[in-house]
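One line per chain: the protein sequences are A and B, in this order.
Under this note's numbering, the first residue of the first sequence carries the number 81, and numbering increases by one thereafter.
Under this note's numbering, the first residue of the second sequence carries the number 36, and numbering increases by one thereafter.
C-beta: ideal position from N, C-alpha, C; glycine also.
Computed from a predicted structure; not experimentally measured.
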Amino acid sequence: MDNMIEIRWHGRGGQGAKTASLLLADAAFNTGKYIQGFPEYGPERMGAPITAYNRISTSPIRIHSNIYEPDYVVVVDDSLLESVPVTNGLKETGAILINTTKTAEELKPLLNGYKGKIYTIDARKVSQEALGKYFPNTPMLAAIVKVSNIMTEQEFLNDMKGSFQHKFAKKPEVIEGNMKALELALKEVKLIN
Amino acid sequence: MSIRERLSGNEASAIAMKQINPDVVAAFPITPSTEIPQYFSTFVSNGKVDTEFIAVESEHSAMSACIGAEAAGARAMTATSSNGLALMWEMIYIASSCRLPIVMPLVNRTLSGPLNIHNDHSDAMGIRDAGWIMLFSENNQEAYDNLIMAHRIAEHKEVCLPLAVCQDGFITSHSIENIELIEDEKAKEFIGTYHPEHSLLNAKEPIAVGPMDLQAYYFEHKYQQAEAMRNAKKVILEVAKDFEKLTGRKYGLLEEYKLADAEIAIVCMNSTAGTTKDVVDSLREQGIKAGLLKLRVFRPFPAEEIAKALQNVKAVAVLDKAESLNACGGPLFTDVTSGMYVNHVKVPTVNYIYGLGGRDTTAKDILGVYTDLQEIVKTGKVNNPYRYFGLKRGEK
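In structure tokens, the structure reads:
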């Protein structure tokens, strides 16, 4: 079980955190891994806090519970930092990835003394630049792949191109923008502590 | 070569139904099984199956339509959860007493009330005495495999009983996981076609289905149902043997995990078994002889096999994801202990009610159960056999 990576996503309903967790599972599956991708279902409403999970492993995954001690946490909306204890159980050997424009000094008081690595990305800027709209999940997906290093950037980009071609078969005009969002995000994500 | 895929439990069930290609599917949506008929209806629209899909107005009608179709000689399926099953209840008994081998994925969700959409086994336990064969599935793979085997069991001429394939709502129904699918042609060949011995559309042999049956023969007909359920055990094993030849995946009435030399054992069903296997492995690494007995087949109840599997352990915990509210243990516990008693196996056995209404079941919870069992072995005492875990107590 030591080879298993556990990831917990925090987002708001409508931002695509669940979709991002499923896309990550897909991408890892396509590189030969065993995967789980599942959201925690509740009374879903636009804007309400939601949680989704990923397990990625080189051996079959048998455990069926939520994730309490993740290796990585992804925060898709930084307004959650004030209301959701996102660093609960997060391993200090791991990292937290936050979609924000805040600085390390501004973030630290919001992370309940978390001593591990903190990565940030301005997913709004990336999304606006690449897609002309605010869809934070695509850049966050690329950013967590880079931070967690579960596959190479090239493997990831190749796989996502295939997924987008399948997913957007009826509107191919959005494929280029989504690929650009991934590529930009891989460059923009940065370690801030 | 099998097909490596990643699917949710609901997707896997819908794909099994596509390979079964039943004559009739009648369904009404209810969380968390809604996706099964939803995905299946797209196969109908896209011409991937030639099923007559009946979008009925309630689950009572869904089961009624399946009964009508099966009585006519067709292969009929539906899928449901929770209160959808509750609304079918009257017809559930009619299906089994008419000896109609309807197959139904049952995505387990707690039965209201209070109103709750999440997983436990209270829906399934409501039909445990209804004359349905009931298979439980640890994950998406088992939900799929059980469905592929289902018709061969249900339609066998010594059985002729309806069959439900259970899996845990959300926990496996909505989790994307790896799975090995059987190629369409091989799956279809394994499942075979349905040739009922008697049916309403057989003009050469006019029959009545579901007539009044009073003192003269009602009892004998119930006995025949009971005999059919007893016969099902053998048929389930025969079908499993063929399935193993096809896929390499081995199924029995139950699965013993590191039980042969175990001193402490947990008995449970569905997704909790996977979590328990991880805990067993970690305990074994510390030299603690822990084991698991997972029930795949809950009806017919493999009492003798369970007793035999548990005869050498020193303490047993039976986990029930349903509260019988009878002040003396959950449904799995009472069945397991009765099976042990009748087969002269006397091992200290305790019951835990857990996971009701979707309360998450963690590895830590399971570890706590094994720790309690070690204490029972050490002291030789069972203070209270009726226990809970994951329950908030002493909090205002």
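Contact annotation for residue 102/A against chain B: 211 [CB-CB distance below 7 angstroms, chain order]. Within the model, the alpha-carbon separation for residue 62/B versus residue 248/A is close to 30 angstroms. Around the beta carbon of residue 113/A, 16 or more other beta carbons lie within 10 angstroms, which makes this residue buried. Beyond the five residues adjoining it in sequence on each side, residue 335/B comes within less than 6 angstroms, by CB distance, of 264, 267, 268 in the same chain, given in chain order.
Checking the DSSP bridge columns, you'll see residue 124/B has no partner listed. In this structure residue 256/B is exposed. Its beta-carbon is surrounded by fewer than 16 other beta-carbon atoms within 10 angstroms.
Residue ranges of uninterrupted beta strand (DSSP E) with 3 or more members, entirely inside the segment 171-239 of chain A and ordered along the chain, are 175-179, 197-201. CA-CA distance, residue 291/B to residue 256/A, rounds to 52 angstroms.
Residue 107/A places its beta carbon 8 angstroms or farther from that of residue 116/A. Between the alpha carbons of residue 51/B and residue 297/B lies a distance of about 36 angstroms. In the pairwise beta carbon analysis, the segment 352-359 of chain B is classified as touching the segment 298-316 of chain B: at least three pairs are separated by under 8 angstroms. Nearest to residue 163/B by C-alpha distance, out of 392/B, 425/B, 367/B, 401/B, is 367/B. For residue 102/B against residue 135/B, the beta-carbon gap comes to about 6 angstroms, under 8 angstroms, which counts as contact. The beta carbon of residue 408/B sits closer than 6 angstroms to the beta carbons of 299, 350, 352 from its chain, once the five residues preceding and following it are set aside; these are given in chain order. Here residue 278/B has 180, 183, 184, 225, 284, 286 as same chain residues with Cβ atoms under 8 angstroms from its own Cβ, once five neighbours each way along the sequence are excluded. For residue 306/B, the nearest CB of chain A lies under 8 angstroms from its own CB, placing it at the interface with that chain.
Identification of chain A residues near residue 309/B by a Cβ-Cβ cut-off of 9 angstroms yields 141, 142, 143, 144, ordered along the chain.
Of all residues in the segment 244-267 of chain A, none places a beta-carbon less than 8 angstroms from a beta-carbon of chain B.
Distance from the CA atom of residue 412/B to the CA atom of residue 405/B, rounded to whole angstroms, is 11 angstroms.
One finds 145, 146 in chain A with Cβ atoms closer than 8 angstroms to the Cβ of residue 395/B, taken in chain order.
Looking at the DSSP output, residue 386/B bridges to 353/B, 421/B.
When 7 angstroms is used as the limit between beta carbons, residue 128/A is near no residue of chain B, the shortest such separation being about 15 angstroms.
Taking a cut-off of 8 angstroms for Cβ pairs, the segment 140-159 of chain A and the segment 69-86 of chain B do not touch, as fewer than three such pairs fall below it. Three or more pairs of CB atoms, one per stretch, sit closer than 8 angstroms, so the segment 155-168 of chain A contacts the segment 91-105 of chain A.
Straight-line spacing of the CA atoms in residue 259/B and residue 428/B works out to 47 angstroms. Residues of chain B whose Cβ lies closer than 7 angstroms to the Cβ of residue 202/A do not exist, since the nearest Cβ in that chain is about 29 angstroms away. Partner residues in a beta bridge of residue 259/B, as assigned by DSSP, do not exist.
The three-state reading of DSSP puts residue 234/B in coil, since its state is none of H, G, I, E or B. For residue 157/A, the nearest beta carbon of chain B is not closer than 8 angstroms to its own beta carbon.
Where residue 135/A is concerned, the enclosing beta strand (DSSP E) starts and stops at 129-137. Per DSSP, residue 225/B is one residue of the alpha helix (DSSP H) stretching across 219-226.
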